[in-house]
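Number of protein chains: 2
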Amino acid sequence: MRLIRSIDEVRHFSRQLRAHNASLGLVPTMGALHEGHLSLVRKAKNDGGAVVVSIFVNPTQFGPREDLSRYPRNLDRDLDLLAPMDVDAVFVPEAAAIYPPGFDTFVEPGAVAQPLEGASRPGHFRGVSTVVLKLFNIVEPTFAYFGQKDFQQAIVVRRLIEDFNLAVRLVLCPIVREPDGLALSSRNAYLKPIERAVALTLNRSLRRAGEVFCSGEASAQAIAGEMKAVLQAEPRVQVDYSVVVAPNTFAPPSRVTPGCVALVAARVGSTRLLDNLILASPNTSDEERLLLALAV
Amino acid sequence: MRLIRSIDEVRHFSRQLRAHNASLGLVPTMGALHEGHLSLVRKAKNDGGAVVVSIFVNPTQFGPREDLSRYPRNLDRDLDLLAPMDVDAVFVPEAAAIYPPGFDTFVEPGAVAQPLEGASRPGHFRGVSTVVLKLFNIVEPTFAYFGQKDFQQAIVVRRLIEDFNLAVRLVLCPIVREPDGLALSSRNAYLKPIERAVALTLNRSLRRAGEVFCSGEASAQAIAGEMKAVLQAEPRVQVDYSVVVAPNTFAPPSRVTPGCVALVAARVGSTRLLDNLILASPNTSDEERLLLALAV
Numbered sequence: 001m002r003l004i005r006s007i008d009e010v011r012h013f014s015r016q017l018r019a020h021n022a023s024l025g026l027v028p029t030m031g032a033l034h035e036g037h038l039s040l041v042r043k044a045k046n047d048g049g050a051v052v053v054s055i056f057v058n059p060t061q062f063g064p065r066e067d068l069s070r071y072p073r074n075l076d077r078d079l080d081l082l083a084p085m086d087v088d089a090v091f092v093p094e095a096a097a098i099y100p101p102g103f104d105t106f107v108e109p110g111a112v113a114q115p116l117e118g119a120s121r122p123g124h125f126r127g128v129s130t131v132v133l134k135l136f137n138i139v140e141p142t143f144a145y146f147g148q149k150d151f152q153q154a155i156v157v158r159r160l161i162e163d164f165n166l167a168v169r170l171v172l173c174p175i176v177r178e179p180d181g182l183a184l185s186s187r188n189a190y191l192k193p194i195e196r197a198v199a200l201t202l203n204r205s206l207r208r209a210g211e212v213f214c215s216g217e218a219s220a221q222a223i224a225g226e227m228k229a230v231l232q233a234e235p236r237v238q239v240d241y242s243v244v245v246a247p248n249t250f251a252p253p254s255r256v257t258p259g260c261v262a263l264v265a266a267r268v269g270s271t272r273l274l275d276n277l278i279l280a281s282p283n284t285s286d287e288e289r290l291l292l293a294l295a296v
Numbered sequence: 001m002r003l004i005r006s007i008d009e010v011r012h013f014s015r016q017l018r019a020h021n022a023s024l025g026l027v028p029t030m031g032a033l034h035e036g037h038l039s040l041v042r043k044a045k046n047d048g049g050a051v052v053v054s055i056f057v058n059p060t061q062f063g064p065r066e067d068l069s070r071y072p073r074n075l076d077r078d079l080d081l082l083a084p085m086d087v088d089a090v091f092v093p094e095a096a097a098i099y100p101p102g103f104d105t106f107v108e109p110g111a112v113a114q115p116l117e118g119a120s121r122p123g124h125f126r127g128v129s130t131v132v133l134k135l136f137n138i139v140e141p142t143f144a145y146f147g148q149k150d151f152q153q154a155i156v157v158r159r160l161i162e163d164f165n166l167a168v169r170l171v172l173c174p175i176v177r178e179p180d181g182l183a184l185s186s187r188n189a190y191l192k193p194i195e196r197a198v199a200l201t202l203n204r205s206l207r208r209a210g211e212v213f214c215s216g217e218a219s220a221q222a223i224a225g226e227m228k229a230v231l232q233a234e235p236r237v238q239v240d241y242s243v244v245v246a247p248n249t250f251a252p253p254s255r256v257t258p259g260c261v262a263l264v265a266a267r268v269g270s271t272r273l274l275d276n277l278i279l280a281s282p283n284t285s286d287e288e289r290l291l292l293a294l295a296v
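For the protein sequence lines, the chains are A and B, in the order given. Going by the numbering used here, the first sequence opens with residue 1, and the numbers climb by one from there. Going by the numbering used here, the second sequence opens with residue 1, and the numbers climb by one from there.
Set out below in structure tokens:
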């Protein structure tokens, strides 16, 4: 596993990898790796090509009052986690290499980037889209692996790939959860023990949405109302949004069908958490749910 | 010479070309080809690789009150002009293929895209940058050829390439002029005979700027003032801007040095025309002037 800091070097090395492998997978991360990230790496390895993992805490996707400076960073631990996974390279650029003096061109994502996370975090998807495009152009992967956890981000990236005619295929992987249901997130490290328990309310509200949908409810408003009831029963959860939307537009559908998505964002203490559930009949696997959502 | 209409086909064909050639040059045009375009094709051929010319009148770079609908289109004539030039492919996509329903992601260029053309044509460089990025991603050229005639566009594209880590090298070619000095432009076709004569004033103002600079004047304001005097002597020229600027920022330099650029935009009748001159000592060739400007 080669640790690469320079853009020129990773570009060169990626080209070698592509020349000697059927495909090249990129797993873009901000580090503070957990099982969610590792599931992406495992999927990439499983797809049979070479694998590059990038670790870059991207400043342009953080708002001025967000947690850029305290975002967890532990490169040694990240490298230890990746070491047994037979990754070909870990690309860890400096911010000054990605955004050198004079840097001044951004991706301007469209309507899918406006609601929900886009509304709560102005400029977030502009920064995400810009760094993702840059990483794609630097590494030139055939496949790029993203997690369902940041569902709206994945759809913004899908739009980016399609609209800019990028020669990369997006691969989405299901949310990885703790045994009690908490969606893995690097930001879970911020949670105090009591907050950790309270944070389960997000997943509980999604499970409720799933139950209500499976009982035959097809009104987005009604399902979201049930989610809200679960969330409001826990006063230590400050809900940002809890919605049921079409997975391609993020607008509430006139009728909720399999593949629609229940999404929740909420603050527990000072920690902002996300979770989502793709609605489908009870025995649908997580992978099938993703296919349903992406087919819309 | 293969005429290709489909994105998938040109992507496939370009990959074959790249596999069998040392390099691949892209000459992106809006058609209505003239000797300026052909000089780019000749330069690309001369560089020894395969050559793809794209012809696409890009709607997103035209403002709502601009000349998109009447912009000159004559594909048969363009193909006749290219036929003897041993180009490998001409890519002529439909607008609906480049901007299919749902298209919604744009490039947001920065400060270099704000003044001059950016101020006169809001959204112009956003559209240019977006389509250029898309063409780069579709054709994946090693070299891309642009004309000095649209100098600010070239600098915006240079910034795009650098900021998005694109694996393409920008090649700029000097302005091609009629024997009397008029810069070639597809829009010259709009000019009535009397306007054609009046249009020479633009180049005359630039030649005056060059003389004044070579006589030792180093004040951008003073040189621009001399340009203005030439332009204002012709009442049938409506000047949009006439400036002397640093070639990287488009701001007036505190002291004009070789490589700074005199730019003029003006309307003659209903036709908007551009011209520019890279300032340098008298015997500097056009190619050397470009190197001077790009070195800044």
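All residues carry an ideal CB built from backbone N, CA and C; glycine is no exception.
Asked: Beta-carbon neighbours of Leu-160 of chain B, restricted to chain A and to distances below 7 angstroms; Found: Thr-105
Asked: Neighbour list for Lys-134 of chain A in chain B, Cβ cutoff strictly below 7 angstroms; Found: Phe-164 and Asn-165
Asked: Whole beta strand (DSSP E) elements within the segment 254–284 of chain A, 3-residue minimum; Found: 261–268 and 271–278
Asked: Closest Cα partner of Ile-4 of chain B within the set B:Leu-160, B:Pro-253, B:Ile-194 and B:Leu-75; Found: B:Leu-75
Asked: Beta-carbon proximity of Leu-17 of chain A to Asp-88 of chain A, cut-off 8 angstroms; Found: yes
Asked: Three-state secondary structure (DSSP) of Gln-238 of chain A; Found: strand
Asked: Proximal residues to Val-171 of chain A (C-beta, below 6 angstroms), its chain only, five neighbours per side dropped; Found: Phe-143 and Tyr-145
Asked: Nearest-angstrom beta carbon gap, Gln-153 of chain A and Val-128 of chain A [assumed within contact, 8 angstroms]; Found: 6 angstroms
Asked: Every unbroken beta strand (DSSP E) within the segment 149–218 of chain A, with a cutoff of 3 residues, ordered by chain; Found: 169–173
Asked: Within the segment 7–41 of chain B, ranges of the beta strand (DSSP E) (whole runs, at least 3 residues); Found: 24–29
Asked: Interface residues of the segment 93–119 of chain B facing chain A [CB-CB below 9 angstroms]; Found: Ile-98, Tyr-99, Pro-100, Gly-102, Phe-103, Asp-104, Thr-105, Phe-106, Val-107, Glu-108, Pro-109, Gly-110, Ala-111, Val-112 and Ala-113
Asked: Minimum C-alpha distance to Leu-273 of chain A - residue among A:Leu-38, A:Pro-282, A:Glu-211 and A:Ser-120; Found: A:Ser-120
Asked: CA-to-CA distance, Pro-174 of chain A to Tyr-71 of chain A, given in whole angstroms; Found: 23 angstroms
Asked: Proximal chain A residues relative to Ile-138 of chain B, where beta-carbon distance stays under 7 angstroms; Found: Asn-165
Asked: CB contact check: Ile-223 of chain A to chain B, cutoff 8 angstroms; Found: no
Asked: Chain B contact for Ile-175 of chain A (CB, 8 angstroms cutoff); Found: no
Asked: Any chain A beta carbon closer than 8 angstroms to Ile-297 of chain B; Found: The requested residue 297 of chain B is not part of the displayed model; chain B covers only 1 to 296.
Asked: Own chain residues within Cβ distance below 7 angstroms of Val-237 of chain A, not counting five before or after; Found: Val-198, Thr-201, Leu-231, Ala-266 and Val-268
Asked: Beta-carbon proximity check, Ile-55 of chain A vs Gly-31 of chain A, cutoff 8 angstroms; Found: yes
Asked: Chain-ordered chain B contacts of Ile-7 of chain A [CB-CB under 9 angstroms]; Found: Asn-165
Asked: Under the three-state DSSP convention, the category Ala-113 of chain A falls into; Found: helix
Asked: Simplified DSSP assignment, three categories, for Gly-102 of chain B; Found: coil
Asked: C-beta atoms of Val-90 of chain B and Leu-82 of chain B nearer than 8 angstroms; Found: yes
Asked: Ile-194 of chain B classed as buried or exposed, judged by whether at least 16 other C-beta atoms fall within 10 angstroms; Found: exposed
Asked: Environment of Lys-192 of chain A [buried if 16+ CB atoms lie within 10 Å]; Found: exposed
Asked: Per-residue DSSP class, three states only, for Val-131 of chain B; Found: helix
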